[in-house]
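J.:
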Amino acid sequence: MEQETRARGLARRTLVKGAALGVAAVGFSATAGTWVADAATATPFDRVPHLDGELLLDAASRAADAVDQGRIVARTPGAVLRPGSVDDIARMVRFCAARGIRVSARGEGHTTYGQSLNENGLVVEMRSLKRIHRIDPRGADIDGGVLWTELMTAAFAHGLTPPLFTGYTDLTVAGTLSVGGASPGAGSTRGLQIDHVRELEVVTGRGEVLVCSADRHPDLFRAALGGLGQCGIIVRARLDLVPAQPLVRNYQFTYPGGLAPIGDLRTLTERGEVLGAYVTWASTGTSFVGQLLVSVPFVPGSPPDDGHLLRGLSQPPSAAAVTDLSHPDWVTQVNRQVDQMEAVLDYGHLVKPWFDVWLNDSEVDRFLEDVLPGLDPRDFAPGSLLLLIPAKRSGVDHPAFVEPRADSAPWMYLFDILDNSAAPGPDPAFAAERLLRNAELYRKARAAGGSRYPIGALEFTKADWIAHYGDAWPAFRRAKARFDPRGILNPGPGIF
Ligand SMILES: Cc1cc2nc3c(=O)[nH]c(=O)nc-3n(C[C@H](O)[C@H](O)[C@H](O)COP(=O)(O)OP(=O)(O)OC[C@H]3O[C@@H](n4cnc5c(N)ncnc54)[C@H](O)[C@@H]3O)c2cc1C
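Structure (structure tokens):
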């Protein structure tokens, strides 16, 4: 009798709903619908497969993966996998698929509206797999959990670099390939990060490990690039590298708020002589100040001809503030700004209801003429920024990455409102108000042929997703049915 009571007590303690630190799972109880930490439990359970890494149930590990950069939604996973190998991911996906447990891949969790979150299911921490397998002039072969900063450092040691980086580079390679990867520094000439992928290794929702490319399992390849992890978890990527110039010259022009910088941005983008150019607007508290930022790589002793490159703009070349940075310092400059915001504002804990849309060259001015005057600089707390980033269309079809409705220009523009709350901690009223704003701005963007960049915070129903994918929806749905027939992968965005 005493033994039975003890067994029941143990069972209660080991059917984990927030347990002690470092608790590892031994199984899953389908009857209780919970993970099990102790094989001595009285409740029947299915034992998890042998793993090279860890499968954790403790409250701290689960809480760490319950939020993202947006700090708007929270969903606590039932278990956290820190894979020790690709096989760990495949084994656990098969285990979960057989029991209908949802599985989310998580990079750095820097999307802002629950895209990487998962209530009660399994979160796979991709940062556990971060090996750089090969770097040479043919390209890079790396694990999906490698950060762009890490890839840059390794490649630069060989005189090489990925062709383009996101502004902030402490993001996982697979995390940005799952959304698209827009580059403020190089997008106007080199497109998107997904334009520079040769091959992926993917764990599908069936738990198979498949290598895919434009020629091999092309439907999986197409569904994975920009595909928010709906058809598979990207575990390894083979990417283009190009020669790295040791230095980058940065020009910074300042404008009053409004559309003033856009003409100059377009002049530079269309001319194609600089690597990248983009515009930011920041609030001074009472007005917006625009900046045009331009990057040109060079080798020591052969600096760019400023007067020639910056000819024909609304301001003389001499109006630009000029800074030369080493390639590594250039790639990581936004990281340092974010570190500073972290120190001063506790940036990671601010609510970030970001708005992000792609617009066509032919529509972007009209859209901004409509939208910018409606944004009140007094509403933007320190840390907030508006961004306009051009990206050259590659012509490569990435159906899961939804471009704005095509026009004849080779460029499209990403417009972001990267705003945040004034103080750390939850702020549901602020989030709700900004979600309404985002819905209204999205409606306008869509009317202008724009498309959602799904890194930000936007209420989206299944019908909205179907409309978003448009003509690409039937193929995306077919790929989902084929590669994730149990529909367990990445529920965060709410697409299926
Ligand atoms: C400060 C800051 C600056 C940024 N700057 C830029 C920028 O310049 N350009 C730009 O394009 N974006 C930018 N972003 C957005 C960023 O690209 C996306 O948020 C990106 O998804 C973040 O990568 P992550 O590793 O944090 O991915 P997560 O947020 O963890 O994941 C993103 C999505 O991909 C899925 N996913 C993650 N890993 C995998 C995988 N291995 N396989 C399949 N699916 C996976 C997740 O489930 C989720 O749905 C910025 C974000 C921040 C916070």
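Residue numbers (mature numbering (1 follows the signal peptide of the UniProt record, and there is no 0)): -32 to -1, 1 to 464. We put the CB at the ideal spot given by N, CA and C, even for glycine. Source: prediction; values computed, not measured.
Under the assumption that Pro367 contacts Phe444 (Cβ atoms under 8 Å), give the Cβ distance between them as a whole number of angstroms.
T.: The pair is a contact, with the Cβ atoms about 7 Å apart (cut-off 8 Å).
J.: CB-CB under 6 Å to Arg50, same chain, minus the five flanking residues each way: which ones, in chain order?
T.: Around Arg50: Gly21, Glu22, Glu93 and Ser96.
J.: If you follow the alpha helix (DSSP H) that Glu401 is part of, which residue opens it and which one closes it?
T.: Note, Glu401: alpha helix (DSSP H), Pro396 to Ala415.
J.: Please identify the residue among Pro130, Gly82, Ala407 and Ile230 whose C-alpha is closest to the C-alpha of Ala42.
T.: Of Pro130, Gly82, Ala407 and Ile230, the residue nearest in Cα terms is Gly82.
J.: Let me check understanding here. Comparing Cα to Cα, which of Ser255, Leu85, Ala192 and Gly253 lies closest to Arg166?
T.: The residue with the shortest Cα to Cα distance from Arg166 is Ala192.
J.: So the beta strand (DSSP E) Val172 belongs to, where does it begin and stop?
T.: Before going further, note that residue 172 is Thr rather than Val in the sequence given. Note, Thr172: beta strand (DSSP E), Val165 to Thr172.
J.: Looking at the structure shown, is Gly148 part of a helix, part of a strand, or coil, going by DSSP?
T.: It is coil, neither helix nor strand.
J.: Secondary structure at Ala205, three-state DSSP: helix, strand or coil?
T.: Here Ala205 sits in strand by DSSP.
J.: Quick check: is any heavy atom of ligand 1 less than 7 Å from the C-beta of Thr134?
T.: Yes, the beta carbon of Thr134 sits closer than 7 Å to at least one heavy atom of ligand 1.
J.: Does the distance from the CB of Val299 to the CB of Ala413 come in under 8 Å?
T.: Going by C-beta atoms, Val299 is not nearer than 8 Å to Ala413.
J.: Can you give me the start and stop residues for the beta strand (DSSP E) that Val(-7) sits inside?
T.: Segment: none, Val(-7) is in no beta strand (DSSP E) and carries neither H nor E.
J.: Please confirm whether any heavy atom of ligand 1 lies closer than 7 Å to the CB of Asn458.
T.: Within the cutoff, so yes.
J.: Identify the residues that DSSP records as bridge partners of Lys360: which are they?
T.: For Lys360, which the question treats as bridged, DSSP gives the partners Trp379.
J.: Could you say which of Ala(-9), Gly342 and Ala58 lies nearest to Leu227 if we only look at CA atoms?
T.: The shortest Cα separation from Leu227 among Ala(-9), Gly342 and Ala58 belongs to Gly342.
J.: If we ignore side chains and look at the alpha-carbon of each, how far apart do Arg446 and Asp365 end up?
T.: Their Cα atoms are separated by approximately 17 Å.
J.: For Asp384, which of helix, strand or coil comes out of DSSP?
T.: Strand.
J.: Report all residues from its chain with a CB closer than 8 Å to the CB of Ala(-14); omit the five preceding and five following residues, and keep chain order.
T.: Legend: pLDDT at Ala(-14) = 41, less than 50; position of this residue unreliable, no value from coordinates given.
J.: Within its chain, find whatever has a CB closer than 6 Å to the CB of Leu128; leave out the 5 residues flanking it on each side and keep chain order.
T.: Around Leu128: Leu209 and Ala212.
J.: Under the rule that 16 or more other beta-carbon atoms within 10 Å means buried, what is Gly89, buried or exposed?
T.: Buried is the call here.
J.: In terms of alpha-carbon separation, which member of Thr11, Val(-10) and Gly(-11) lies closest to Ser(-4)?
T.: If we check each option's Cα against that of Ser(-4), Thr11 comes out closest.
J.: With a CB to CB cut of under 7 Å and the five nearest residues on each side skipped, what residues in its chain are close to Arg15?
T.: Result list for Arg15: Val(-7) and Gly(-6), in chain order.
J.: Quick one: Cα of Thr80 to Cα of Gly269, how far?
T.: Taking the straight line joining both Cα atoms gives about 43 Å.
J.: Measure the CB-CB distance between Ala108 and Leu132 and report whether it falls below 8 Å.
T.: Not a contact, by the Cβ cut-off of 8 Å.
J.: So, does the segment 353 to 363 touch the segment 408 to 428, judging by three or more C-beta pairs under 8 Å?
T.: The segment 353 to 363 is not in contact with the segment 408 to 428.
J.: When DSSP builds the beta bridges, which residues end up paired with Thr248?
T.: Answer is Gln259 and Leu355, bridged to Thr248.
J.: Would you check whether ligand 1 has a heavy atom nearer than 7 Å to the C-beta of Gln301?
T.: False, no ligand heavy atom lies under 7 Å from that Cβ.
J.: Does the distance between the C-beta of His78 and the nearest non-hydrogen atom of ligand 1 fall short of 7 Å?
T.: His78: yes, Cβ under 7 Å from ligand 1.
J.: Which residue marks the beginning of the alpha helix (DSSP H) containing Glu22, and which one marks its end?
T.: Element bounds for Glu22: not the alpha helix (DSSP H) but the beta strand (DSSP E), Glu22 to Leu24.
J.: When every heavy atom of ligand 1 is checked, does at least one fall within less than 7 Å of the C-beta of Ser389?
T.: Checking the Cβ of Ser389 against ligand 1 gives no.
J.: Whole angstroms are fine: how far does the CA of Trp249 sit from the CA of Pro350?
T.: Computed Cα separation, rounded: 12 Å.
J.: Using a Cβ-based criterion (distance less than 7 Å to any ligand heavy atom), does Met380 qualify as near ligand 1?
T.: Not so, every heavy atom of ligand 1 lies at least 7 Å from the Cβ.
J.: For Ala73, verify whether its CB is less than 7 Å away from any heavy atom of ligand 1.
T.: Correct: Ala73 has its Cβ closer than 7 Å to ligand 1.
J.: Look up Asp109 in the DSSP assignment and give the residues it is bridged to.
T.: BP columns for Asp109 point to Arg102 and Arg206.
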